[in-house]
Amino acid sequence: MAEAVDQIFVAAKHWLVSLAPEAWQPWVSVLLSIAALMVVFGTLFAVTTVLERKGLGRIQNRFGPNRVGPFGILQPLADGIKALVKEDIVPRVADRVVHFLAPVVMIIPPFLALAVLPFGRNMTFVEFDAAILFFFAVGASMELAVFMAGWSSRNKYSLLGAMRAIAQMISYEIPLILSSVSVIMIVGSLSPGEIVAAQAGYTNGLPNWHLLTPWGIAGFVLFMIAATAESNRSPFDLPEGESEIVAGYYIEYSGFKFALFFLGEYLGLFAVSGLGITLFLGGWHAPFAFLGFLPSWFWFFAKLFALISVFIWVRGTLPRLRQDQLMNFAWKFMLPMALVNLVAAAVWHFMAPLPVVARWVAVSLIVAGPYVMLGRELMVRKNLSKRTYRFAE
Amino acid sequence: MTAGFVVIALLTIAAGVAAMSLRHLIHCSLALVAAFIGLAAAYLHLGAQFVGFAQVLVYVGAVSILVVFAILLTRGGEDRSERLFSGSWVAGIATAVAVLGVLVWAVSRSAAVRREVSEPAEVTVRQIGDLLMTRFVLPLEVIGLLLTAALIGAVIIAMHEREGRK
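Taken in order, these protein sequences are the chains called A and B. Take the first sequence: its letters are residues 1 to 393, numbered as in the working numbering. Take the second sequence: its letters are residues 394 to 559, numbered as in the working numbering.
Now the structure itself:
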């Protein structure tokens with residue numbers, strides 16, 4: 001029974017494909033995969049927007065959307081209709097072709113990246129050897145879409161926003177990849193399927209996830225910070241910076257094109273969260289052995305929602321950084337820590353014959369030592385003290 | 394030659410021609426990116442996954458951004474007054490034909506062409522990684538050193554000169 005529920009989507013796809021004539025079957029299979037990907041993550045996008053607005057409302061002590069449907073849960077539907085019927089305004093001096101292409105280019109990479117992630121047992125849309133490399137390759141091409149949007153609008157704010165976004169995405173891509181490399185190094189494979197398989201099983205009641213190793217904790221924290229910056233979310237939302245550059249690179253977009261940028265950003269968030277789950281949180285494996293009766297896809301999406309909630313929580317909690325703080329943080333803290341973490345993962349690998357306690361102590365010291373020293377070093381000559389407010393005491 | 398290869402090749406060539414002939418520099422660089430993607434598709438079509446993805450990661454992700462930043466920071470990409478063909482196009486075409494002729498002559502005479510073509514083995518990314526870490530570790534380290542030197546040089550050039558030093 002549990003087996004049947006676990007494989008319900010795989011079985012449904014096989015059944016649907018078998019209905020088609022023999023010659024069409026490969027095409028039907030591909031089309032079904034694409035449709036499933038778009039429907040599932042399109043719906044998830046709608047749910048996440050409402051979750052985010054409600055969550056932020058709760059954090060900021062207000063209601064959030066509560067007019068459309070019970071508790072406002074039909075809000076995304078109303079937003080979608082509004083975006084569709086709005087007039088599409090293109091500035092007169094804008095570069096029409098590039099202006100039109102930018103939102104299209106924006107949503108292709110995240111869909112491609114999502115296609116290689118394992119959502120459950122036997123539930124990877126496209127499976128091949130170098131999938132993690134593919135993930136980062138398509139992720140890097142999102143910067144181009146941002147540039148196209150910012151440049152073609154012929155607006156100084158949009159160009160400034162695009163420049164900020166690109167500088168930020170390039171800077172934080174390095175720690176993102178380096179923190180993932182530690183996992184790839186330990187597993188010895190670039191295939192998400194094999195990385196998830198390496199985290200199967202339980203020792204002493206705890207799962208064998210990479211998160212539950214000293215280098216894994218450090219790597220996961222680095223990964224999440226870099227992922228926040230990579231998806232341009234608060235506290236790294238300088239490219240949008242409402243109080244400084246109005247709305248950043250999509251300032252001149254209206255109607256459904258604006259919604260597409262929104263969609264692209266959230267899809268990127270889902271993709272990078274999915275990669276974090278695959279690399280550090282055991283993919284679709286249950287956290288405890290006695291919970292294994294729940295289907296594998298349930299666990300993947302439960303973890304995805306948990307990570308999204310963390311992103312929303314962070315957005316509601318932290319103030320925006322300044323541009324120089326952003327760059328200093330990337331190059332002076334994130335990059336050295338990611339490199340140190342790489343060494344820590346290597347030491348962990350070569351200390352395998354030693355007892356677990358010795359491994360934990362040694363690797364924790366390798367990570368914690370530079371962390372403390374880097375923090376101290378960067379704080380020197382900053383003269384940080386309690387801030388006094390002249391008119392608000 | 395399969396249909397897939399023909400489509401990829403035609404798209405790549407069309408993008409390359411567009412990169413040469415469009416009037417606006419930014420449009421040219423975007424067409425160049427399309428040509429890069431076409432090349433990556435050609436690598437993937439040949440079964441070279443690592444080269445294909447590295448092509449996307451490096452050229453589409455980084456080099457294209459470098460190109461557009463360079464255009465924006467220098468001429469602003471607004472200069473439309475120049476003619477499409479430069480004054481020395483006859484000499485240019487002659488040079489290109491001459492270089493092509495030399496290359497064709499050299500390639501057709503080389504031993505590599507006459508060798509029996511064996512069925513290429515399926516090369517996985519794992520094998521490339523293993524070779525990079527064992528047999529080709531010295532070239533890898535040398536390239537790493539070169540890139541580090543370039544990075545440090547760029548930082549030194551970009552650094553503010555102290556007031557007293559001048």
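All residues carry an ideal CB built from backbone N, CA and C; glycine is no exception. On a predicted model such as this, the values are computed, not experimentally measured, just so you know.
query	result
Below-8 angstroms beta-carbon distance, residue 442/B vs any chain A residue	yes
Chain A contact for residue 414/B (CB, 8 angstroms cutoff)	no
Proximity test, Cβ basis, 8 angstroms: residue 559/B and chain A	Note on residue 559/B: pLDDT 44, under 50, position unreliable in the model; no value is reported.
Pair within 8 angstroms by beta-carbon distance, residue 346/A and residue 222/A	no
Cβ contact check for the stretch 196–203 of chain A and the stretch 283–293 of chain A: 3 or more pairs under 8 angstroms	yes
Residue from 298/A, 349/A, 263/A whose Cα sits closest to the Cα of residue 39/A	263/A
Bridge partner(s) assigned by DSSP for residue 202/A	207/A
Closer than 9 angstroms at the beta carbon, the chain B residues around residue 395/A	The requested residue 395/A is not part of the displayed model; chain A covers only 1 to 393.
Residue 458/B: contacting residues in chain A (beta-carbon distance under 8 angstroms)	143, 144, 147, 166, 170
Partners in chain B for residue 129/A, counting only beta-carbon separations shorter than 8 angstroms	442, 517, 518, 519
Simplified DSSP assignment, three categories, for residue 402/B	helix
Same chain, Cβ closer than 8 angstroms to residue 196/A, five either side skipped, listed in chain order	118, 278, 282, 283, 284, 285
Burial state of residue 391/A (16 or more Cβ within 10 Å)	exposed
Residue range of the unbroken alpha helix (DSSP H) whose run includes residue 97/A	96–114
Residue 467/B in three-state terms, based on DSSP	helix
Nonlocal neighbours in the same chain, by C-beta distance under 7 angstroms from residue 76/A, ignoring five residues either side	46, 49, 50
When 44/A, 173/A, 341/A, 379/A are compared against residue 218/A, the one with the closest alpha-carbon	341/A
Integer Cβ distance of residue 307/A from residue 110/A, believed to fall under 8 angstroms	Not a contact, Cβ separation roughly 15 angstroms.
Closest Cα partner of residue 379/A within the set 363/A, 355/A, 328/A, 309/A	328/A
Bridge partners - residue 118/A, DSSP secondary structure assignment	124/A
Proximal residues to residue 80/A (C-beta, below 8 angstroms), its chain only, five neighbours per side dropped	46, 259
Boundaries (first-last residue) of the alpha helix (DSSP H) holding residue 331/A	Where residue 331/A is concerned, there is no enclosing alpha helix (DSSP H), given that its DSSP letter is neither H nor E.
Residue 454/B at chain A interface by Cβ criterion, 8 angstroms	yes
Selected residue, minimal CA-CA separation from residue 435/B, among 516/B, 539/B, 404/B, 495/B	404/B
Validate contact between the stretch 207–217 of chain A and the stretch 233–247 of chain A using beta carbons, cut 8 angstroms, 3 pairs	no
Any C-beta of chain B under 8 angstroms from that of residue 330/A	no
Where the alpha helix (DSSP H) through residue 395/A begins and ends	One cannot answer for residue 395/A here, as it falls past the ends of chain A, which runs 1 to 393.
Residue 395/B in three-state terms, based on DSSP	coil
Members of the stretch 418–452 of chain B near chain A, C-beta cut-off 9 angstroms	419, 420, 423, 426, 430, 433, 442, 443, 445, 446, 447, 448, 449, 450, 451
Residue nearest to residue 156/A in terms of C-alpha spacing, selected from 17/A, 93/A, 44/A	93/A
Partners in chain A for residue 461/B, counting only beta-carbon separations shorter than 7 angstroms	147
Where residue 527/B falls: helix, strand or coil (DSSP)	coil
Backbone CA spacing between residue 550/B and residue 447/B [nearest angstrom]	29 angstroms
Residue burial classification, residue 188/A (beta-carbon count within 10 angstroms, cutoff 16)	exposed
Check whether residue 450/B and residue 136/A have beta carbons under 8 angstroms apart	yes
Interface partners of residue 138/A on chain B, CB under 8 angstroms	449
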